[in-house]
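Number of protein chains: 2
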Amino acid sequence: MADGLPILKWGRAYDRTLFARDATAAVIVTVMLIPQSLAYALLAGMPAQAGLYASILPLIAYALLGTSTSLAVGPVAVVSLMTAAAIGNVAAPGTADYAAAAAALALISGGLLVAMGSLRLGFIANFLSHPVVSGFVTASALIIAAGQLGPLFGIDVRGHAMPQIAASLAEGAGGLNPRTAALGLTSLVALLALRRHGRRGLARLGLSDRAADLGARMGPVMVVVATTFVTWVFDLAAEGVAVVGAIPQGMPRPSLPLPDLDMMRALAVPAVAISLVGFVESVSVAQTLAARRRERIEPDRELVGLGAANIASAVGGGFPVTGGFARSVVNFDAGAATPAAGALTAVGITLAALFLTPLLVHLPKAALAATIIVAVLSLVDLSVLRRAWAYSPGDFAAVATTLGATLFLGVEVGIGLGVGVSVLLLLYRASRPHAAIVGRVPGTEHYRNIRRHAVETAPGILSIRVDESLQFANARFLEDLIYGEVADRPDTKHVILMCSAVNDIDLSALESLETINERLRDAGVDFSLSEVKGPVSDKLAGSHFLGHLTGRVYLTQHQAVCDLARRAGLPARPEAPAN
Amino acid sequence: MADGLPILKWGRAYDRTLFARDATAAVIVTVMLIPQSLAYALLAGMPAQAGLYASILPLIAYALLGTSTSLAVGPVAVVSLMTAAAIGNVAAPGTADYAAAAAALALISGGLLVAMGSLRLGFIANFLSHPVVSGFVTASALIIAAGQLGPLFGIDVRGHAMPQIAASLAEGAGGLNPRTAALGLTSLVALLALRRHGRRGLARLGLSDRAADLGARMGPVMVVVATTFVTWVFDLAAEGVAVVGAIPQGMPRPSLPLPDLDMMRALAVPAVAISLVGFVESVSVAQTLAARRRERIEPDRELVGLGAANIASAVGGGFPVTGGFARSVVNFDAGAATPAAGALTAVGITLAALFLTPLLVHLPKAALAATIIVAVLSLVDLSVLRRAWAYSPGDFAAVATTLGATLFLGVEVGIGLGVGVSVLLLLYRASRPHAAIVGRVPGTEHYRNIRRHAVETAPGILSIRVDESLQFANARFLEDLIYGEVADRPDTKHVILMCSAVNDIDLSALESLETINERLRDAGVDFSLSEVKGPVSDKLAGSHFLGHLTGRVYLTQHQAVCDLARRAGLPARPEAPAN
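Those sequence lines, one after another, are chains A and B. For the first sequence, the residue numbers in the numbering used here are 1 to 579. For the second sequence, the residue numbers in the numbering used here are 1001 to 1579.
In structure tokens:
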């Protein structure tokens, strides 16, 4: 963090060649972003043009503060769904209140991300484990696809979870608009065909691999242009086909939409969820691209960059944004060399927002729905359920809970329960560290698990090795373990805790050790430690524990056993391996 | 769990001698429990007699299902405060609704505890770390003591957190009842004197140590009897001294107060908090006593025993209960030999509830307040703040957050934030495992940290050892670490992950390994593993990871380095220890 703003690093070496690369990438990304941005704005319950606004300032803010050279920040499907679900609780779609709440949500999320980054709290993103993210993204994609069947067929859809969506689709099926459905289904089929065969077709026409790849990604643009043209020629809007309609030209005046306390309270939980999901998505995309160029991403800086992008989105009349996979890959493949490519894309989209909006009057919403459905279907990966099932019950529980809860109870409950299950698993694993009763390998100074090796133990001496740092999550385990083993061996006079694998002892564990020491003393057993590491030893030295210890702290386990056996006048006896 | 009900174990050996011991203990505990139970009932916002009801059936239920021979279950201070805070939100004290809600709370907590025990979820109690429990108990004791200044001086007090209590004390100070205050303060001074000097005084009178100890614990009984007598003789109730008053004689009819869904929702969070706090307190008391006799406590069974006690309390017209330290120690010191002592105590308290209640008409509430204040002051331990401060910043944050939030925002927020901070700390520590770049100790096959040892590394080969199981909490750390180190060493061609300390790899970590493998491949680097343990290896064999691995899995780190160096035709070069 010592080397200042990222822009100072790459800005110094910026030249004409890099500019040419960045500008080319910017043109390509601009064209691709327009339909995507419009579509995701509608998905978020916002007016279509808000998608353009949300693609301008955030790109510039990220270019200034982010660490990835290729990440393109803007509206993405999953975060747009989360936005719609969150704002749906506080305002009605299409109202000024709704837009204000969406901007407030972006502002709060942005503030959270910047705060997390400044406090170097990037590790919090670990709360979202891979299985939870997979389950969540798959469920969200299914919800989005189902919800977009509404505009695709011209049916009103309510809700942001499967039961409500299915019910409103079933209810509205009678009122389906045939022209809308025809337009929507045609768009869908065209997009699927282009996605499937477009690349190969273009390559056959003699385009280079990279050009063919980029061309195939232009499918949504072509569909949008074609359907807009058809709708205009046949005046389908008059026949009930829903269109984007007249959009106020120009740009919204920048404003900082400070939410009041009630709004803050209502949006706090969704803002946390959006921040975490957005960050995890974004970092994962950024790392994928950075690794290809052997560049380094700094997660705590990414938090700041992404947070600034969200605050910028709020200022510019947008809604929550994050680094999107599709747009970033296009940016990368189109040759973006520095974050300036993002800023140039912002210029392109500004021009579009200023001059192209009159053309959107006839753009049918069904075509945008088709582009969303095709885009999100690629996110659906139900195989994660099978893989998790095959791999471990805990991981399966995390995936299945997240997937099921998101589908049926909504995005916030889904992500919340997923995190809950992950934390429970973490605590569960942390609460049962590997531990063993050890004995001496005959003729050596090595002490090994008596269950696995033919070792010898001295009568009255119980040696226990714990293979993990001692902390609150396993403090009670340690107590139960020691009391239990002592209760099972009534002849025990000495307990040695072998600390060779203990890297840290927290206050809970220290107090457990004190309690163990006292309780063993009350039972006439003394308590010693062996092989305590340097840093742990330093930490213990500052506490009262060592003063009260009934036994001693030995440098090695062997010294401990020899000393205690000698003092008791006992020979070491061999013990058969236990069952 | 295979050996059936605990009662079957000790019941078989039950004889006259054991009965005599248990009966003696029961008489002593009964006498001591009466004022305590009445006082904690008032603290919980319940009528005084509910404290007796809550001390009968729970004792029997625990005697049947619990594993501790000495634990005495009933109303305790901290849980009573939590009950008052929880029910205060849903009903007004003194109403039938309030009593019904308290019973419902006991029922829900009991159900939760039984469910946790049956599912062997005792590990969940680990969420409450020692520092959090210390901070919480100290803050609760301070809140209780402050709140009891109200009845002690005859002032109305509202609220269950310091700001409200202080405000209502300040507000009501003018309306203080001098007779109540005199009675209350006299009781308080008498109790403090008895606690301080009673034991020594009785010993001087020739009583045995044990008898003197028990006698000193009878202070509250003496104070209750004396103040009741004084209040009756001078008819102080007519002068505005608040008394317990007429109590319906006999016992409430047993009933199962099934709460409706709204009530369940309102009480769910407090029930979870009460279950956890009650369980942790109870197990800690039970373990302390068990260790003295070298007996074993089974935490999952304790959950069931305690849960049954709470359900029994609900059925008998009581409120949430748990194993109390004071009453259990008396039980233990009085010589209770088996859980039957608890059942006999229940008989004693039933007799008291049936025949002694008319005597309570004149019992002044100020005397009960004094007994509560003296009892809870022994729970206050502010030194934990100093110890935590000296020991580690993370532990201090947990204690201070819990203590401050409980004092100023209430018990539920306090315990919630305490758990939150603990879990954050757990995740934080888990997210930064110890890891090292390793090199070969010259002339050996040992590989050690290059920062600590003068070791040699082969050019192009980067060996990283992670000293912890790979799981979701550290999966991202591993990715960042490997990408970062590879980015810093542009000549890297091979990465070896040394897994000698990896006991488990969860699905998140497996997917991270797959991602690392892919990204390194894209950067022209291959990825190998070494020293993979048997169980981990088996788990990996079931996945696709090994099939895609660009490098190999080597038995030892040395084989890995030799093989990769040989294939590259490179000699090993020494590397100076890094700074």
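C-beta: ideal position from N, C-alpha, C; glycine also. These numbers were taken from a predicted model, which means no experiment stands behind them.
Pick from the options that is closest to residue i, judged by C-alpha positions
| i | options | result |
| --- | --- | --- |
| R489 (chain A) | A:R476, A:L303, A:L478 and A:A523 | A:A523 |
| A1048 (chain B) | B:H1362, B:L1214, B:L1462 and B:F1545 | B:H1362 |
| E1514 (chain B) | B:I1274, B:L1497 and B:A1501 | B:L1497 |
| Y1053 (chain B) | B:I1087, B:G1348, B:A1400 and B:T1444 | B:G1348 |
| S469 (chain A) | A:G172, A:G94 and A:F477 | A:F477 |
| I108 (chain A) | A:E518, A:V272 and A:I60 | A:V272 |
| F123 (chain A) | B:A1473, B:T1231 and B:S1118 | B:A1473 |
| L1306 (chain B) | B:V1280, B:A1398 and B:L1344 | B:V1280 |
| E1531 (chain B) | B:L1540, B:F1545 and B:C1499 | B:C1499 |
| E298 (chain A) | A:A286, A:Y554 and A:R292 | A:A286 |
| L417 (chain A) | A:R432, A:A397 and A:R294 | A:A397 |
| F527 (chain A) | A:H544, A:A509 and A:L564 | A:L564 |
| H1558 (chain B) | B:G1569, B:P1535, B:D1506 and B:R1440 | B:R1440 |
| L1520 (chain B) | B:L1549, B:A1212 and B:K1539 | B:L1549 |
| V1076 (chain B) | B:R1196, B:A1020, B:R1386 and B:I1373 | B:I1373 |
| I461 (chain A) | A:R432, A:N126 and A:V438 | A:V438 |
| L1303 (chain B) | B:Q1164, B:R1120, B:W1389 and B:P1058 | B:R1120 |
Length of the line joining the Cα atoms of residue i and residue j
| i | j | result |
| --- | --- | --- |
| K1009 (chain B) | A1041 (chain B) | 34 angstroms |
| P1320 (chain B) | A326 (chain A) | 55 angstroms |
| R204 (chain A) | R217 (chain A) | 16 angstroms |
| R16 (chain A) | V1561 (chain B) | 45 angstroms |
| L43 (chain A) | P252 (chain A) | 20 angstroms |
| L1409 (chain B) | A1161 (chain B) | 6 angstroms |
| A167 (chain A) | G1245 (chain B) | 59 angstroms |
| R589 (chain A) | S1118 (chain B) | It is not possible to answer for residue 589 (chain A), since the shown part of chain A is limited to 1 through 579. |
| P358 (chain A) | Q148 (chain A) | 24 angstroms |
| Y1346 (chain B) | A1541 (chain B) | Here the sequence assigns Ala to residue 1346 (chain B), which means Tyr is not the residue at that position. Rounded to whole angstroms, A1346 (chain B) to A1541 (chain B) spans 59 angstroms at the Cα level. |
| D300 (chain A) | M116 (chain A) | 8 angstroms |
| R295 (chain A) | H494 (chain A) | The residue asked about is misnamed: residue 295 (chain A) is Glu in this sequence, not Arg. Spanning the two alpha carbons is a distance of roughly 55 angstroms. |
| A1375 (chain B) | I1144 (chain B) | 10 angstroms |
| L969 (chain B) | V90 (chain A) | What is shown of chain B runs 1001 to 1579, which leaves residue 969 (chain B) out entirely. |
| S543 (chain A) | Y554 (chain A) | 18 angstroms |
| L510 (chain A) | A1400 (chain B) | 18 angstroms |
| S537 (chain A) | D506 (chain A) | 12 angstroms |
| P574 (chain A) | T457 (chain A) | In this prediction, P574 (chain A) scores a pLDDT of 43, lower than 50, which makes its location untrustworthy; no coordinate-derived value is stated. |
| Q249 (chain A) | I56 (chain A) | 16 angstroms |
Check: residue i C-beta below 7 angstroms from any heavy atom of the ligand ADP
| i | result |
| --- | --- |
| L540 (chain A) | No copy of the ligand ADP occurs in the structure displayed, which carries no ligand at all. |
Can at least three beta-carbon pairs, one atom from the segment 177-189 of chain A and one from the segment 151-162 of chain A, be found at a separation below 8 angstroms? Yes: at least three Cβ pairs fall under 8 angstroms.
If the cut-off is 9 angstroms on Cβ atoms, which residues from the segment 373-399 of chain A count as contacting chain B, listed in chain order? Taking a C-beta cut-off of 9 angstroms against chain B, the contacting residues of the segment 373-399 of chain A are V384, R387, A388, A390, Y391, S392, G394, D395, F396, A398 and V399, listed in chain order.
Give a yes or no on contact between the segment 173-182 of chain A and the segment 236-245 of chain A, applying the rule of three or more CB pairs nearer than 8 angstroms. Cβ pair count under 8 angstroms is three or more, so yes.
Contact between the segment 441-455 of chain A and the segment 474-482 of chain A (3+ Cβ pairs under 8 angstroms): Contact between the segment 441-455 of chain A and the segment 474-482 of chain A is absent, because fewer than three Cβ pairs lie under 8 angstroms.
Specify whether the segment 1415-1424 of chain B and the segment 1120-1138 of chain B touch according to this definition: at least 3 beta carbon pairs, one from each stretch, less than 8 angstroms apart. Because the criterion of three Cβ pairs below 8 angstroms is met, the segment 1415-1424 of chain B and the segment 1120-1138 of chain B touch.
According to a CB-to-CB cut-off of less than 8 angstroms, which residues of the segment 1530-1543 of chain B neighbour chain A? Those would be K1539, G1542 and S1543, in chain order.
Would you call the segment 1362-1382 of chain B in contact with the segment 1254-1269 of chain B, where contact means no fewer than 3 C-beta pairs closer than 8 angstroms? The segment 1362-1382 of chain B, when compared against the segment 1254-1269 of chain B, does not touch it at the 8 angstroms Cβ threshold.
List, from N- to C-terminal side, the alpha helix (DSSP H) runs of 4 residues or more that fit wholly inside the segment 1301-1341 of chain B. Secondary structure remark: continuous alpha helix (DSSP H) runs of at least 4 residues inside the segment 1301-1341 of chain B, in chain order: 1325-1333.
Residues of the segment 1507-1528 of chain B whose Cβ lies closer than 9 angstroms to any Cβ of chain A, in chain order: Look at the segment 1507-1528 of chain B: the residues with a C-beta under 9 angstroms from a C-beta of chain A are L1507, S1508, A1509, L1510, E1511, S1512, T1515, I1516, E1518, R1519, L1520, D1522, A1523, G1524 and V1525.
Is there contact here, the segment 325-341 of chain A with the segment 66-76 of chain A, by at least three beta-carbon pairs under 8 angstroms? Per the Cβ contact rule, the segment 325-341 of chain A is in contact with the segment 66-76 of chain A (3 or more Cβ pairs under 8 angstroms).
Report the start-end ranges of each alpha helix (DSSP H) in the segment 427-498 of chain A that is 4 residues or longer and not cut off at the edges. As far as the segment 427-498 of chain A is concerned, its whole alpha helix (DSSP H) runs of at least 4 residues are 472-488.
In the segment 290-316 of chain A, which residues sit with their C-beta less than 9 angstroms from some C-beta in chain B, listed in chain order? Listed by position along the chain: A290, A291, R292, R293, R294, E295, R296, I297, E298 and P299.
Runs of beta strand (DSSP E) wholly within the segment 7-82 of chain A (minimum 3 residues, chain order): For secondary structure counted as the beta strand (DSSP E) over 3 or more consecutive residues, the segment 7-82 of chain A holds no complete run.
Residues in the segment 1419-1430 of chain B having any Cβ partner in chain A nearer than 9 angstroms: Answer in chain order: S1422, V1423, L1424, L1425, L1426, L1427, Y1428, R1429 and A1430.
Against chain B, which members of the segment 106-140 of chain A pass a CB distance test of less than 7 angstroms? Only those residues of the segment 106-140 of chain A whose C-beta falls short of 7 angstroms from the nearest C-beta of chain B are listed: F123, A125, N126, F127, S129, H130 and P131.
What residues in the segment 1315-1344 of chain B bring their beta carbon closer than 8 angstroms to a beta carbon of chain A? Cβ contacts with chain A come from no residue of the segment 1315-1344 of chain B.
Of all the residues that make up the segment 457-478 of chain A, which are near chain B by a beta-carbon distance shorter than 9 angstroms? Cβ proximity to chain B below 9 angstroms picks out D467, E468, S469, Q471, F472, A473, N474, A475, R476 and F477 from the segment 457-478 of chain A.
Compile a chain-ordered list of the residues in the segment 1059-1082 of chain B whose CB is closer than 7 angstroms to at least one CB of chain A. Here the close residues number zero.
What runs of the beta strand (DSSP E), each 3 residues or longer, lie entirely inside the segment 519-574 of chain A? With a minimum length of 3 residues, the unbroken runs of beta strand (DSSP E) contained wholly in the segment 519-574 of chain A fall at 526-530.
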